[in-house]
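Working notes for the structure below.
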Amino acid sequence: MKHDITIVGGGVIGLSIAYYLKKKAPDLDIAVYEAKYIGYGASTRNGSHIRVHFWSEPNVVFAIKSRKMMLSLAKETGWNPTPYIGGYLWLIYDEDTYQAYKHTNRDIWSKYGVAVEFLDPEEVIERYPYLNPGKLITGVLGVQDGKIHHDFVTYAYAYKFKNMGGKIYEYTPINSIVLEEGRIRGVDIGGKIIESEKVIVAAGAWSKSLMESIGITLPLTPSRKELSVLEPVNFFIKPLIIDMRPSSRGLYVCQTPRGEVMGSVDYPEVQGVYEFNNTIKYLSTYARAVIRLIPALKYLRVLRIWSGDYNVSADHSHIMGRDDEWPDGLYVATGYSGHGFMMAPYTGLLMSEYIIEDKIHPDMEPFLPTRFKEGRLVKEMMVIG
Ligand SMILES: Cc1cc2nc3c(=O)[nH]c(=O)nc-3n(C[C@H](O)[C@H](O)[C@H](O)COP(=O)(O)OP(=O)(O)OC[C@H]3O[C@@H](n4cnc5c(N)ncnc54)[C@H](O)[C@@H]3O)c2cc1C
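For the sequence shown, the numbering used here assigns the number 69 to the initial residue and increments by one for each residue that follows.
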C-alpha cells in the first residue's frame with residue numbers, strides 16, 4: 069500500500085486538513101490513520117466554544133477567519149453543527165487585568181471589529197441576576213463568541229472526506245515515522261512500512277512523543293483537564309462565564325443546548341499524557357467555585373464527568389507547517405493549547421494550500437515551528453481553563 073499523503077490523527081485538526089486537501093486535490097491518495105476511533109482525543113472532549121477574543125494579534129486574525137468558516141460549515145458540509153452565539157463574559161477583579169483588556173481592545177480588537185462591552189458591577193447583576201460575583205471591577209462581554217457542536221464538526225469533516233474518496237483507518241496506530249536519506253519514506257504500522265510522499269502529524273497530545281522518536285523536539289506539554297455537566301435545567305446561563313479570581317482557579321461555566329450546566333476549573337494540574345481519569349480534587353474544587361458564583365447550582369447533581377488534554381505549546385499558540393531543516397515531506401499541526409477546536413477550519417484550509425501549492429499564507433506564517441528558534445513567539449495569555 070502507498071499514499072500520497074498520510075495524516076496521523078483522526079481529531080478535528082487532522083480531519084479538517086484531510087477534508088481541505090481532498091477538496092483541493094481530489095486525485096491524490098490521502099489517508100488518515102487513527103490509533104483509536106475518530107474523535108477519541110480532545111476533539112470530542114472539549115467545551116465546544118469558539119471566540120475571537122485573544123491577546124495576540126495573529127491569533128485574533130486567525131480566530132476571526134476560522135469562526136467565519138465555522139459558521140458556514142452547514143453550507144459547506146451539509147451537517148448543521150448548531151451554532152449558538154451567546155457571548156463570553158469575563159468577570160474581572162483586579163485593576164491590572166482590567167487595564168490589559170482596555171489596552172487590547174484599543175490596540176487590537178477595535179482594529180478588527182472584535183466587539184467588547186465593559187459592564188459595571190451593577191449592570192452585571194442586572195443582566196445576570198443569578199450571579200453572586202463578589203467584589204467585581206468589571207464584566208467584559210464579547211458578544212461574537214459562542215458555541216458550536218464539536219462532534220458535528222469532527223464527524224462532518226470525516227464524512228465529507230470519506231465521501232470524496234479519502235481513506236480513514238481507525239484502530240490503526242502509527243508506530244513510527246520512517247525516514248530515508250533525509251526525507252519521509254512512510255509510516256510503520258504494525259511492523260509494516262506504508263510508503264507515503266508526505267506525512268502530517270496532527271496527533272494532538274501524542275504529537276510530541278511521535279516527533280521525538282525521529283529526533284525532533286517540539287516545545288509542547290500535554291496537560292490533562294477535567295470537565296463535567298450537571299443535570300439539565302431550563303436554559304438561563306446565556307454566555308460562557310469566566311471567573312478571573314485566582315481563588316476560582318480558572319472557573320468557567322455555561323449551559324449546553326440541552327440545559328446541562330457545563331464547566332471546569334484548572335485543577336489539579338496534571339502534565340504529561342495519562343489515562344483519561346477524573347479526580348475528587350477537581351470535583352470538589354469546581355463545586356466550591358461554581359456554587360460561590362452561582363449559588364442556585366447547589367441544588368443540581370453531577371450528571372457526567374470526563375477528561376481530555378490541552379496540548380500546550382511554549383507560547384500557548386498552535387504550531388503549523390514545517391521547518392526546512394526537517395526531513396522533506398514532514399509537516400505538523402499541533403500545540404493548540406486549549407483552543408484548537410475553534411481554529412480547525414482555517415488550519416485545514418491553510419495547511420492544504422501549503423501542502424499542495426507550497427504557499428505560506430501570511431496568517432499562517434506567525435505559527436510556523438521555526439518561530440521558537442528564531443525568537444518570534446506568539447505569546448497568547450488568553451487561555452481559558
Ligand atoms: C476539557 C477541554 C476543553 C476544551 N475546550 C475547548 C473549547 O471550548 N474550544 C476550543 O477551541 N478548544 C477546546 N479545547 C481544545 C481542543 O479540544 C483541541 O485543541 C483540539 O481538539 C485538538 O484537536 P487535535 O485533532 O489536534 O487533537 P485530538 O483531538 O487529540 O486528536 C489527536 C488524535 O490523534 C490520535 N493519535 C495519537 N497518536 C497516534 C498515532 N501514533 N497513530 C494514529 N493516531 C494517533 C489520537 O488517538 C487522537 O484521536 C478543549 C480541550 C479540552 C481537553
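All C-beta atoms in this analysis are idealised placements derived from N, C-alpha and C, irrespective of residue type, glycine included.
In this text, all values refer to a predicted model and were calculated from it rather than measured experimentally.
- Contact check, M410 vs M138 under 8 Å by CB: the rounded distance? The residue given as residue 410 occupies position 342 in the sequence shown. The residue given as residue 138 occupies position 70 in the sequence shown. That belief holds up - the Cβ atoms of M410 and M138 are roughly 7 Å apart, short of 8 Å.
- Message: Quick check on this structure: which residue in K441, T415, K104 has the alpha carbon closest to the alpha carbon of P430?
- Response: Within the sequence shown, residue 430 is the residue found at index 362, counting from 1. Nearest option by C-alpha distance: T415.
- Taking Cβ positions, are Y101 and V76 nearer each other than 8 Å? Position 33 of the sequence shown, counting from 1, holds the residue named residue 101. Position 8 of the sequence shown, counting from 1, holds the residue named residue 76. Yes, the pair counts as a contact, with Cβ atoms nearer than the cut-off.
- Query: Short check: CB of Y335 to CB of R317, under 8 Å?
  - Reply: Residue mapping note: residue 335 aligns to position 267 of the sequence shown, counting from 1. Residue mapping note: residue 317 aligns to position 249 of the sequence shown, counting from 1. Cβ distance < 8 Å, so Y335 and R317 count as in contact.
- Task: Using only alpha-carbon positions, find the residue among P395, Y105, M388 that is nearest to S405.
- Result: For the purposes of this step, residue 405 is taken as the residue at position 337 of the sequence shown. With distances taken between Cα atoms, S405 lies closest to M388.
- Query: Can you find at least 3 beta carbon pairs, one from the segment 351-365 and one from the segment 318-333, that sit closer than 8 Å?
  - Reply: yes
- Can you find at least 3 beta carbon pairs, one from the segment 326-342 and one from the segment 390-404, that sit closer than 8 Å? no
- Message: With the cut-off set at 8 Å, would you say G254 and I261 are in Cβ contact?
- Response: Your numbering for residue 254 matches position 186 in the sequence shown. Your numbering for residue 261 matches position 193 in the sequence shown. Yes, Cβ-Cβ distance for G254 and I261 is below 8 Å.
- Task: Output the boundary residues of the beta strand (DSSP E) element that contains N379.
- Result: Translated into the one-based positions of the sequence shown, residue 379 becomes position 311. Counting along the chain, the beta strand (DSSP E) containing N379 begins and ends at 370-381.
- Where does T150 fall in DSSP's three states? For the purposes of this step, residue 150 is taken as the residue at position 82 of the sequence shown. Here T150 sits in coil by DSSP.
- Query: Counting pairs of beta carbons, one from the segment 129-149 and one from the segment 262-282, are three or more of them closer than 8 Å?
  - Reply: no
- Below 8 Å, can you find three or more Cβ-Cβ pairs linking the segment 141-154 to the segment 216-226? yes
- Item | Simplified DSSP assignment, three categories, for L199 | Mapped onto the sequence shown, residue 199 falls at position 131. Coil, per DSSP.
- Which residues in the same chain as K90 place their Cβ atom closer than 6 Å to its Cβ, once the five residues preceding and following it in sequence are excluded? In the sequence shown, residue 90 corresponds to position 22, counting from 1. Hits under 6 Å: I98, F229, M232, G234.
- Using the DSSP secondary-structure output, state which residues sit across from H384 in a beta bridge. As a working note, residue 384 is residue 316 in the sequence shown. None; H384 has no bridge partner.
- Query: Considering only residues of the same chain and omitting the five flanking positions on each side of S116, which have a CB-CB separation below 8 Å?
  - Reply: Start at 1 with the first residue of the sequence shown, and residue 116 comes out as number 48. Correct list, in chain order: K215, I216, H217, H218, F409.
- Query: Which class does P434 belong to by DSSP, given the choice of helix, strand or coil?
  - Reply: Translated into the one-based positions of the sequence shown, residue 434 becomes position 366. It is helical.
- Give the range of the beta strand (DSSP E) segment to which V255 is assigned. As a first step, residue 255 must be located in the sequence shown, where it is residue number 187. Taken as a continuous stretch (DSSP letters only), the beta strand (DSSP E) holding V255 covers 251-257.
- Message: Suppose the cutoff is 8 Å on Cβ atoms and the five residues either side in sequence are ignored; what does the same chain contact list for S244 look like?
- Response: Along the sequence shown, read from residue 1 onward, the residue named residue 244 stands at position 176. Excluding residues within five positions, the ones whose Cβ falls inside 8 Å are V255, D256, L278, S281, I282.
- Can you grab the Cα-Cα spacing for the pair L445 / L418, in whole Å? Locating residue 445 in the sequence shown gives position 377, counting from the first residue. Locating residue 418 in the sequence shown gives position 350, counting from the first residue. Looking at the two C-alpha atoms, the distance is approximately 20 Å.
- Query: So, using beta-carbon positions, are V301 and L371 closer together than 8 Å?
  - Reply: What you label residue 301 is simply residue 233 of the sequence shown in a count that begins at 1. What you label residue 371 is simply residue 303 of the sequence shown in a count that begins at 1. Contact: no.
- Return yes when at least one heavy atom of ligand 1 lies under 7 Å from the C-beta of F409, else no. In the sequence shown, the residue the question calls residue 409 occupies position 341. Yes, Cβ of F409 sits closer than 7 Å to a heavy atom of ligand 1.
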